[in-house]
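Undergrad: Chains as they are written, first to last, in this note's numbering: chain A, 15 to 308; chain B, 33 to 285. My questions all concern the structure below.
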Amino acid sequence: MITAAHGHDGDASHEHGHIPAARMVRVRVLRQDVAGGESYWERFEVPYEPNMNVISVLQKIAALARSRDGRRVAPVAWDCSCLEEVCGSCTMLINGRTRMACSALVDRLVEEDGEEIELRPMSKFPVVRDLVVDRRRLFRSLERVKAWVPVDGSYDHGPGPRISPEEQEDAYPLAECISCGCCLEACPQFTKLEAVRREDESEADFEKRRRAAFDSGFVGAHAISQAMLFNGHPTGKMIADERLQALTAPGGIQMCGNAQNCVAVCPKRIPLTRSIARAGRAATVWAIRKLFDR
Amino acid sequence: MSDSSASFLERHQFLIYRLFSLAGLVPVGAFLVVHLLTNASVLAGAGTFQSRVDMIHSLGPLLVPIEWAFIFLPMLFHAAVGFVIIANGLPNVGSYPYVGNVRYTMQRATGMIAFAFIIWHIVQLHWMGKPLGGGQFDPHRAASSAAAALQHPLVAILYAVGVLSTVFHFANGLWTLGITWGLWTSPAAMRRANAVSVVVGLALAGAGLGSLAGMLTLDRDKAQAEEERMEKRKLQFEPAAVGSPEPAAHTGV
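Listed below in C-alpha cells is the structure:
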C-alpha cells in the first residue's frame, strides 16, 4: 500500500523529514529464522520510488533493517542474481501467486492487488531462511530425467548431426527454461517434501533418505519438458529410452493431473503442457514397445 | 525408496495410473454412455424402454457376472485409484483460479460425488427404495418401477446432481485422457479435443436429464398396463424368458 508517512513514525520521520510526506510502500513478509522453525509475519514500510520492483523493495528493507513499528530486526533474506528474469533464483509468492520478484513491479502490484504487498517463500520447497528456499529437489529432477546431451567421454565424438531450422524452432522455447520452479509451485500434484534429520542419523544416511524421497516424488513439469527437449535433440536422443524409463518410474509423467497451472504461470511461456502430452505419447509408445519387444 | 523396498503400488505406478485412465473410458465410460442412452429411450415411451431392458436382461444368468466383470470391478478399481490420486493432490484453485485448475478441482469433486451417487443409486433401486417414497426396480415393469422410485422430489434432485456430476467427470476425463495418452499434444489440438468433449458432455447431460424428465412425467398406470401387455406376449411366445424367480437379483439398467 502506498501511503503518506506520518510524523509519529519514529526514525523514519527523522530520515525523511516531516515535509513533504513521502509515499511509502507497505510490505508484509512471512519470515522464518531457521530451517524447520516457526514462521511469523513481519510488516515493513519503505519509501516509494518510481519503477520499483520487489527486489528493490527488499534491498531497501535490508538497508533499513527495521520493521514498520520501528523495531530493529534482522534484514529479510532472499535469493536473487540476474535481476532480468533469466536466472530463475528470485521465485517467491507475491500476493499469493508464484512469480519472479525481479519482474514484479510495485506500481503494477498496487494497481492490481492494492493495499499491502505480501511476500511469502515458495510453499513447495523447504524454507532455509525467510524467502530463501532449498530447491535441490528441482535440480535432482533434472538429474533423474538426464536433462543433458551425453557427450562426455575420453575421445572426440566429432561434430554432431545438423539440426534443421524447424527443429530448432520447436526446441528453442523449451531451452528457455530458467529452473525458477514456478511450474512446480503452482502444480497441485507437486507437493512439498521436507526431510528432517533424525537424531540418530548420520549425515550420509540422511542424504540417502532425502534423495530416495526426491526420487519417488513427482518429477514436475520442468523436468518433463527438459526430457522432451533432449529427446528431440539428435545427439541427446541417444539416451531417449533412459529418459522415458525415468519418466515412467514412480513419480513420473503419470503423476500429472492436467490442471495445466504450469503453463499458466511459466514466466518464459514455455509450452509445458505440450511437452507433457508429448511425453505422455512417448511413454505410451515406449510402454507398448517394452511390453512386446522384451 | 529403493526398488526393493518400494510398495507394489509404487513400483507399478505408471501401469496402474494408465489402467485407471483407460478404465474411465472403457468399460466404465462406455457403460455410462449405453446406460444414459438406454434410459433416455423412456422418452419414446414405456414400451420402448421396456424392450431395451428386456434386451439387456436376455443375457439371463450371464448378466450378473458380466456386470461385475465389466462394470462394478472396473468402477471400483477406478474409484480406488481415484481416491489415492485425490489424497495425494493439493488443490489450489483459490490462488490460481485458471480454467484448467477449476476443471482439475471439479474433476476430483465430481468423481467423489459420482462415486457416492452410484453406490446410493444401486442401493436405492435394489434394496431401499420404499423409505424414500420409491420402490425397487423391477426389470419386468421397467419404466413404471423406475418412475415410482424417482417420485420423491429430493430423489429427483439428487439424481440430477449425480447424473450431471458423472457426466462432467466423464467428459472432462475424456479430454484429460487424450493428454495423458498423448492423443492430442499441441494447444490447438487440445482446444479442438476440448470442443468435442464439451459436445459429448452436453449430449450426455441431455440424455441423462431427459431420462430423468421422462421418468418423472411418465403416466405410471398407462406404462404399467403396457408393460403387463408386453409380459403376457412374452409369456405366450417364450415362457422361459420371463420365468426369473427373483427379479430383485438383477442389477441391470
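The beta carbon of each residue, even a glycine, is placed where N, CA and C say it ideally should be. Predicted model, so just to flag it, every value in this text is computed and none were measured.
Give me the Cα-Cα distance between R149/A and A55/B, rounded to the nearest whole angstrom.
TA: As a working mapping, residue 149/A is identified with position 135 in the first sequence. As a working mapping, residue 55/B is identified with position 23 in the second sequence. Distance between the alpha carbons of R149/A and A55/B: 36 Å.
Undergrad: Measure from the C-beta of Q182/A to each C-beta in chain B and report whether the shortest distance is under 9 Å.
TA: In the first sequence, counting from the first residue as 1, residue 182/A sits at position 168. It does not: the Cβ of Q182/A has no partner Cβ on chain B nearer than 9 Å.
Undergrad: Nearest to H89/B by alpha carbon, out of A203/B, D170/B, A146/B, G132/B?
TA: Working through the second sequence from its first residue, we reach residue 89/B at position 57. Considering only alpha carbons, the answer is D170/B.
Undergrad: Alpha carbon to alpha carbon, what distance is there between F220/A and L69/B?
TA: Within the second sequence, the letter at position 37 stands for residue 69/B. Within the first sequence, the letter at position 206 stands for residue 220/A. The alpha-carbon atoms of L69/B and F220/A are separated by roughly 58 Å.
Undergrad: Candidates G92/B, P59/B, V125/B: which alpha carbon is nearest A101/B's?
TA: Locating residue 101/B in the second sequence gives position 69, counting from the first residue. Selected option, being the one with the closest Cα: P59/B.
Undergrad: Please list the terminal residues of the continuous alpha helix (DSSP H) segment that includes L60/A.
TA: The count along the first sequence starts at 1 and reaches residue 60/A at position 46. Looking at the sequence shown, residue 60/A is not Leu but Val. No alpha helix (DSSP H) holds V60/A; the beta strand (DSSP E) holding it covers 53-61.
Undergrad: Taking the alpha-carbon of D253/B as reference, which of A78/B, I48/B, Q156/B has the nearest alpha-carbon?
TA: Walking along the second sequence from the start, residue 253/B turns up at place 221. Comparing Cα-Cα distances from D253/B to each of A78/B, I48/B, Q156/B, the minimum goes to A78/B.
Undergrad: Can you tell me the Cβ-Cβ gap for A77/A and W92/A, rounded? I've got them flagged as a contact below 8 Å.
TA: Taking the first sequence and counting its residues from 1, one reaches residue 77/A at position 63. Taking the first sequence and counting its residues from 1, one reaches residue 92/A at position 78. That pair is no contact at about 14 Å.
Undergrad: Using a C-beta to C-beta distance shorter than 7 Å, which residues of chain A count as neighbours of S218/B?
TA: In the second sequence, residue 218/B corresponds to position 186, counting from 1. In chain order: R288.
Undergrad: Consult DSSP for Q27/B and reduce its assignment to one of helix, strand or coil.
TA: Only positions 33 to 285 of chain B appear in the structure, and residue 27/B is not among them; the question remains open.
Undergrad: Quick check on DSSP: helix, strand or coil for Q274/A?
TA: For the purposes of this step, residue 274/A is identified with residue 260 of the first sequence, where counting begins at 1. Looking at Q274/A - three-state DSSP - the assignment turns out to be coil, as it is neither helix nor strand.
Undergrad: Start and end of the beta strand (DSSP E) containing R134/A?
TA: Taking the first sequence and counting its residues from 1, one reaches residue 134/A at position 120. 131-134 is the span of the beta strand (DSSP E), which, as asked, contains R134/A.
Undergrad: I want to verify the contact list: residues of chain B whose CB lies under 9 Å from the CB of V279/A, in sequence order.
TA: As a working note, residue 279/A is residue 265 in the first sequence. In chain order: Y128, Y130.
Undergrad: I'd like to check one pair, W216/B with A291/A: are the Cβ atoms closer than 9 Å?
TA: For the purposes of this step, residue 291/A is taken as residue 277 along the first sequence, with counting starting at 1. For the purposes of this step, residue 216/B is taken as residue 184 along the second sequence, with counting starting at 1. For A291/A and W216/B, yes; Cβs fall inside 9 Å.
Undergrad: Out of A260/A, E59/A, G50/A, which one is the CA nearest neighbour of V39/A?
TA: Counted from its first residue, the first sequence places residue 39/A at position 25. The candidate whose alpha carbon is nearest that of V39/A is E59/A.
Undergrad: According to DSSP, simplified to helix, strand and coil, what is L107/A?
TA: As a position in the first sequence, residue 107/A is number 93, starting the count at 1. Correct three-state label for L107/A: strand.
Undergrad: Smallest Cα separation from A273/A: which of T137/B, V155/B, F202/B, Q268/B?
TA: Residue 273/A sits at position 259 when you count from the first residue of the first sequence. Checked all of T137/B, V155/B, F202/B, Q268/B; the closest Cα to A273/A is T137/B.
Undergrad: Would you verify that the beta carbon of L57/B is, or is not, closer than 9 Å to some beta carbon of chain A?
TA: The sequence position of residue 57/B within the second sequence is 25, counting from 1. No, its Cβ sits nowhere closer than 9 Å to a Cβ of chain A.
Undergrad: Apart from the five residues on each side of it in sequence, which residues of its chain come closer than 8 Å, Cβ to Cβ, to Q46/A?
TA: If you number the first sequence from 1, residue 46/A lands on position 32. Counting only Cβ-Cβ distances below 8 Å, and skipping sequence neighbours, we find E52, S53, Y54, P135, V141, R143, D144.
Undergrad: With 9 Å as the threshold, decide whether the Cβ of E42/B is near any Cβ in chain A.
TA: Locating residue 42/B in the second sequence gives position 10, where the first residue counts as 1. Chain A contact via Cβ: present.
Undergrad: Using a Cβ cut-off of 7 Å, which residues of the segment 256-278 of chain A contact any Cβ in chain B, in chain order?
TA: Of all residues in the segment 256-278 of chain A, T262, P264, G266, Q268, G271, N272, A273, Q274, N275, A278 have a Cβ within less than 7 Å of some Cβ in chain B.
Undergrad: Rounded to whole angstroms, what is the Cα-Cα separation between G246/B and V74/B?
TA: In the second sequence, residue 246/B corresponds to position 214, counting from 1. In the second sequence, residue 74/B corresponds to position 42, counting from 1. When rounded, the distance between both Cα atoms is 6 Å.
Undergrad: Please name the residue, chosen from Y191/B, A227/B, R140/B, that lies closest to L241/B on a Cα-to-Cα basis.
TA: Translated into positions along the second sequence, residue 241/B becomes position 209. For L241/B, the nearest C-alpha among the options comes from Y191/B.
Undergrad: Would you list, in chain order, the members of the segment 197-212 of chain A that have their beta-carbon closer than 7 Å to a beta-carbon of chain B?
TA: Listed in sequence order: A200, P202, Q203, T205.
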